[in-house]
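For reference, the structure discussed in these notes is given below.
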Amino acid sequence: MVFMSGCASVFPGFNDGSTVGKTVAFEELMQEFDSCRGKGTIESGGMVKGKLNFEFTVAGPNGYIQFYDLLGRKTLFITLNNKSVTAWDMVRNERYDTSGIFSVLPFTQLISPVEFFQVLWGSLPQSYNDSVHDNDLRFESTSASISFNSRRTEYGPLLHKIVLESKEDNYRVTIDIKEREMNVSYPHLKRSIPDSVPFAVPA
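Heads up, the working numbering is the position in the sequence shown plus 614, with the first residue counted as 1.
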């Protein structure tokens with residue numbers, strides 16, 4: 615993980631009664647389905663405030679996410695896999711790699727690319743499984759917290775909401791996946807960031 619390696623000891627769980635328990639395992643989803651797509655919203659508060667809609671597709675080892683503002687304009691495009699993530703700020707026409715993406719997505723300090731990839735599929739990240747007790751899907755340290763909410767679906771219990779908070783950096787981010795379908799994709803999302811998009815100059 616980027617921020618909290620060894621999360622089982624850093625983020626001991628406690629029960630807030632908001633979940634239906636553990637989700638379908640990531641390996642099971644990957645074996646049963648070849649793709650997944652969905653839509654949702656991301657809302658942030660604190661130093662950076664705002665709300666964006668998004669749609670996503672994951673197929674095999676790759677994921678694609680397109681963010682839109684409330685007027686439907688494209689603002690941010692992300693490609694990710696289980697090792698890295700790249701973001702295209704479409705408003706400024708700048709590219710960010712895994713090491714620089716924190717400037718546009720602060721919550722990536724709390725969740726790694728592989729963990730976020732598993733969240734899109736609807737599965738609790740594997741790094742948290744061993745520390746889940748009594749249906750508790752919230753984890754907390756002195757400076758940050760992360761919680762997962764799951765619900766029953768036709769595919770079994772899957773994640774639909776994740777809340778990340780950092781006291782140190784003064785933000786709260788809520789990611790709410792409102793729709794998810796298995797074995798289908800959004801073909802228009804499966805693309806690469808153009809080579810002509812320059813990398814952002816470090817501040």
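The beta-carbon is built from N, C-alpha and C at its ideal position, and this holds for glycine as well.
Item	Value
Cβ-based neighbour list, ASN707, same chain, cut-off 8 Å, excluding 5 preceding and 5 following	VAL811 and PRO812
Span of the alpha helix (DSSP H), counted from its first residue to its last, around GLU669	Run containing GLU669: none in the alpha helix (DSSP H); it sits in the beta strand (DSSP E), 664 to 673.
Between the CA atoms of ILE760 and ASN784 - distance to the nearest angstrom	14 Å
The region 728 to 736 contacting the region 761 to 780, beta-carbon criterion three pairs below 8 Å	yes
Pairwise C-alpha distance: ASP703 and VAL718	8 Å
Straight-line Cα distance separating ASN695 from ARG709	16 Å
Exposure label - ARG766; buried when at least 16 CB within 10 Å	exposed
DSSP state of ILE692 mapped onto helix, strand, coil	strand
Residues that DSSP places opposite LYS775 in a beta bridge	ASN763 and ASP790
Pairwise C-alpha distance: THR689 and THR637	31 Å
Closest Cα partner of ARG805 within the set THR671, ASN667 and ARG687	THR671
Three-state class that DSSP yields for VAL616 in the structure shown	A caution first: VAL616 carries a pLDDT of 31, below 50, which makes its placement in the model unreliable, though a value can still be read off. In the structure shown, VAL616 sits in coil (DSSP, three-state: anything other than H, G, I, E or B).
Buried versus exposed call for ASN797 [16 or more other C-beta atoms within 10 Å across all chains shown]	exposed
Limits of the alpha helix (DSSP H) - the one that GLU641 falls within	640 to 646
CA nearest to the CA of GLY674, picked from THR788, GLU795 and CYS650	CYS650
DSSP state of THR722 mapped onto helix, strand, coil	helix
Anticipated Cβ contact below 8 Å, PHE681 with VAL787, distance rounded	PHE681 to VAL787, Cβ: 13 Å. No contact.
VAL728, enclosing alpha helix (DSSP H) - first and last residue	727 to 735
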